[in-house]
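Everything below concerns the one structure shown next.
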Amino acid sequence: MLFLRHFLIRRTFGEECNQTIDSKSSDPGAGDSTNDTPQKLSFNRPSSSFLRATDSRSASVSQGSPFISQAPSPAGGFTSSVSYGQLHYGGCHFGHISQHNGLPLLSEEGRQWIISKTGHEVILNPGATDHSNPSKSPAPHVYHDQRDLYELPERSTTEKAFDAFIHSSFSLVFPVVERVLFKDTIELAYQPYTGDVPSLEHLSAKVGVLAFLSTIVLFQDTFADTASIDPDLCATKARYLLTDVLEIASINNLQIVFMLNMHEIFSGRLRSGAMFHAIACRMVFTLGGHTYISSKPRSSQVTRSERERRQIRMLFWLCYIFDKDIALRTGQPPLMSDDYCDLTLPETYFECYEYLPKLNESLPQVSFEEESLMPHLPGDPRLSQLKDKTSRLLYSAQAAKKSHAQLLCDIRELDEELEAWRQSVPPSFRPALSITDESQVAVQGMHLPRSMRHITLHLDYHHLMIAIHRASGRCMEPDPGNPNDQPEWVPGVESSNALALEASRSTLVYLRAAMCGVAGEAFWIIVFYPTAAMITLFFNILMYPLHERAEQDLELLKAAADLINNLPVRRLTTCEVSHMKLINDFVVELVRLGRSAICKANMERDHELDRQLMIIH
Numbered sequence: 001m002l003f004l005r006h007f008l009i010r011r012t013f014g015e016e017c018n019q020t021i022d023s024k025s026s027d028p029g030a031g032d033s034t035n036d037t038p039q040k041l042s043f044n045r046p047s048s049s050f051l052r053a054t055d056s057r058s059a060s061v062s063q064g065s066p067f068i069s070q071a072p073s074p075a076g077g078f079t080s081s082v083s084y085g086q087l088h089y090g091g092c093h094f095g096h097i098s099q100h101n102g103l104p105l106l107s108e109e110g111r112q113w114i115i116s117k118t119g120h121e122v123i124l125n126p127g128a129t130d131h132s133n134p135s136k137s138p139a140p141h142v143y144h145d146q147r148d149l150y151e152l153p154e155r156s157t158t159e160k161a162f163d164a165f166i167h168s169s170f171s172l173v174f175p176v177v178e179r180v181l182f183k184d185t186i187e188l189a190y191q192p193y194t195g196d197v198p199s200l201e202h203l204s205a206k207v208g209v210l211a212f213l214s215t216i217v218l219f220q221d222t223f224a225d226t227a228s229i230d231p232d233l234c235a236t237k238a239r240y241l242l243t244d245v246l247e248i249a250s251i252n253n254l255q256i257v258f259m260l261n262m263h264e265i266f267s268g269r270l271r272s273g274a275m276f277h278a279i280a281c282r283m284v285f286t287l288g289g290h291t292y293i294s295s296k297p298r299s300s301q302v303t304r305s306e307r308e309r310r311q312i313r314m315l316f317w318l319c320y321i322f323d324k325d326i327a328l329r330t331g332q333p334p335l336m337s338d339d340y341c342d343l344t345l346p347e348t349y350f351e352c353y354e355y356l357p358k359l360n361e362s363l364p365q366v367s368f369e370e371e372s373l374m375p376h377l378p379g380d381p382r383l384s385q386l387k388d389k390t391s392r393l394l395y396s397a398q399a400a401k402k403s404h405a406q407l408l409c410d411i412r413e414l415d416e417e418l419e420a421w422r423q424s425v426p427p428s429f430r431p432a433l434s435i436t437d438e439s440q441v442a443v444q445g446m447h448l449p450r451s452m453r454h455i456t457l458h459l460d461y462h463h464l465m466i467a468i469h470r471a472s473g474r475c476m477e478p479d480p481g482n483p484n485d486q487p488e489w490v491p492g493v494e495s496s497n498a499l500a501l502e503a504s505r506s507t508l509v510y511l512r513a514a515m516c517g518v519a520g521e522a523f524w525i526i527v528f529y530p531t532a533a534m535i536t537l538f539f540n541i542l543m544y545p546l547h548e549r550a551e552q553d554l555e556l557l558k559a560a561a562d563l564i565n566n567l568p569v570r571r572l573t574t575c576e577v578s579h580m581k582l583i584n585d586f587v588v589e590l591v592r593l594g595r596s597a598i599c600k601a602n603m604e605r606d607h608e609l610d611r612q613l614m615i616i617h
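Heads up, the sequence shown stops at 617 in full-length UniProt numbering, and the numbers go up one at a time, no gaps.
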């Protein structure tokens, strides 16, 4: 029944799109679509009640209001030019999603629309609330002697950390260093140097070690000596020294920049992480990572140059996956153009679905010795290609100029390609079309590598479904190709909106059921998905406050604060606590406004019924 329901919605969407296209057959962009498928530490966390009771003026960390944009309204041109209509509902442009915290930055137009639907002001504190708390690592002026920056942890500690990394399954998700090449880097980093400063190559090796040690919190379950390393201090030193070695594009410097990017992202400093990401993207192009050269099987004997080439290609895929994710989440242009990239996947990439079901947090000894396992990366590169196409077709500057027929044609094409991708995933990992009950989710008892793959595929799939079909909200505006059109729904929009809503509900239900399989270090990656789903549900409640699902969706929103508060966190820092409070305040406001919209609509309906009865009598 669930599959049939989803099929009928999709079929209706396709038929309605055809009606729109037929009615505007002269539109050059409204032809038939093609289906071009891309090949535990203990901690004390605040309770939800604590979060609700906390004074919103407390010294916390966040950027502007999680709901009110400090940018000019669309009339001023700034917000809309940044977002390219990333948030459109009912023909209204609401602003864009913050790259910093995944929450909406409302335009003035969006704020006024909410007031018209609820009868209430948006009251969240519009002041500065930036939760990207600066690291408590020493500031630059603390280093009175430059040589203090060159000091590394004990070599034995670094070697133990490296050994833990290369034996961990985490190295298959983020292959940030290569086992043979980085062993040589460690050797060079700990060599004594003459003079006041080490040579450029020597300094680069030291920075490489510091950047690597900044990531140990991400695989600390396999490394027992974490207490002897301060990852934040290592990251701070690496950042200070990076400018001295950045002039040269090398595999070690590329690894440094990407690992610092990871440290920032997994510490909740998403904007500074994006800066390192930009450097990594440019450097991987300089090193030729965007080109493809067929390589030997992973278990074969390879030369040093072949190892370097293989590692650069792995780093290319890591940059590519991050880049397309950032672009889709923020509405900003991607840094890596697909037109300049050979996107041929590694020959044995799909073997990961064969080894993942049996993989635990440590690599099997035979697989380690033979280097036979292909990294499965933090996401499916084919899905990243679809993310890029979605950003380009629906959220680019050119997409903002498309007619309704063109836009709906692109939405249908992307929907078909997303479904083709879903069908290509092996059944044991394949995302469900729709999840209405937690009993549909079965990650209990899975080893962490398998459960995280299952979770990321499901969340990515449903988020991309939301992003694709949410774009149909622009189709209630006057058609850019026909300025005389009056705002109204066009065929295809209602069913497209239904698919976005179903994906939003599925995200919240799925994550609540899959919580036991979420890795603690993934907090800053996972937390974006439920917030994006909540935004879609909230605006739909305001648009259709009398719909039979409005009350149920409001209950889903109420439960969302507890959902995010219960996400596993490896290190509960001020950043995480403040973000939880930010989300809690955001959810409380969504529920308040959603309830107000329902009450207002009921009162208006009752008033209209009374008026009609008076006319009759």
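In this text, a Cβ means the ideal position worked out from N, Cα and C, and glycines have one as well.
Quick caveat, the model's predicted, so the values are computed rather than measured.
Helix, strand or coil: how does DSSP classify residue i here?
i                 : result
leucine 408       : helix
phenylalanine 266 : coil
cysteine 341      : coil
serine 362        : strand
serine 578        : helix
methionine 283    : helix
serine 295        : coil
arginine 570      : coil
arginine 307      : helix
leucine 246       : coil
threonine 236     : helix
alanine 601       : helix
lysine 387        : helix
glycine 208       : helix
phenylalanine 258 : helix
residue 623       : As shown, the chain starts at 1 and ends at 617. That puts residue 623 outside it, with no answer to give.
leucine 373       : coil
valine 122        : coil
glycine 288       : coil
aspartate 606     : helix
glutamate 347     : coil
isoleucine 615    : helix
glutamine 332     : coil
glutamine 423     : helix
aspartate 230     : coil
Counting only the same chain and skipping the five closest in sequence on each side, list residues whose C-beta sits under 6 Å from that of residue i.
i             : result
leucine 546   : Ala601
histidine 462 : Ala503, Ser506, Thr507
Less than 7 Å between C-beta atoms, sequence neighbours within five positions excluded: which residues of the same chain meet that for residue i?
i              : result
methionine 374 : Arg298, Pro346, Thr348, Tyr349, Glu351, Cys352
aspartate 380  : Leu457
methionine 603 : none
alanine 467    : Leu328, Thr390
In chain order, what residues of the same chain have a beta carbon less than 8 Å from the beta carbon of residue i, not counting five sequence neighbours either side?
i              : result
proline 231    : Leu213, Ser214, Thr215, Ile216, Val217, His263
leucine 464    : Leu328, Leu383, Leu386, Lys387, Thr390, Leu418
aspartate 342  : His290, Thr291, Tyr292
isoleucine 312 : Ile251, Leu254, Val284, Leu287, Gly288, Gly289
histidine 617  : none
If distances are taken between C-alpha atoms only, which option among the options comes closest to residue i?
i                 : options                        : result
glutamate 247     : Cys599, Cys234, Ile279         : Ile279
serine 337        : Phe528, Phe316, Arg329         : Phe316
leucine 242       : Ser295, Phe276, Ala227, Thr226 : Phe276
leucine 457       : Glu438, Arg430, Gly445         : Arg430
valine 441        : Leu254, Gln423, Leu508, Ile468 : Leu508
serine 424        : Tyr544, Ser439, Tyr193, Arg382 : Arg382
phenylalanine 165 : Thr226, Leu203, Arg111, Ser107 : Thr226
valine 518        : Leu563, Pro568, Val527         : Pro568
leucine 363       : Glu187, Phe182, Leu448         : Leu448
tyrosine 240      : Gln255, Ser250, Pro530, Val207 : Val207
leucine 149       : Thr303, Ala211, Ser439         : Ala211
alanine 224       : Ser434, Asp460, Asp163         : Asp163
asparagine 565    : Ala399, Gln365, Arg512, Glu159 : Arg512
serine 204        : Phe182, Arg611, Gly195         : Phe182
glutamate 551     : Val591, Ala161, Cys516         : Val591
arginine 450      : Cys516, Glu187, Arg595, Leu105 : Cys516
cysteine 409      : Gly492, Glu371, Arg470         : Gly492
Just grab the DSSP bridge partners of residue i for me.
i            : result
histidine 93 : His88
proline 104  : Ile97
serine 168   : Ser362
Q: At 4 residues or longer, and completely inside the segment 487–574: list those alpha helix (DSSP H) runs for me, N to C.
A: DSSP runs (the alpha helix (DSSP H)) wholly in the segment 487–574: 493–514, 523–526, 528–543, 550–565.
Q: Counting only runs of 4+ residues fully inside the segment 152–201, write out the alpha helix (DSSP H) ranges in chain order.
A: Counting only runs of at least 4 residues, the segment 152–201 fully encloses the following alpha helix (DSSP H) elements, listed from N- to C-terminal order: 155–166, 170–173, 179–189.
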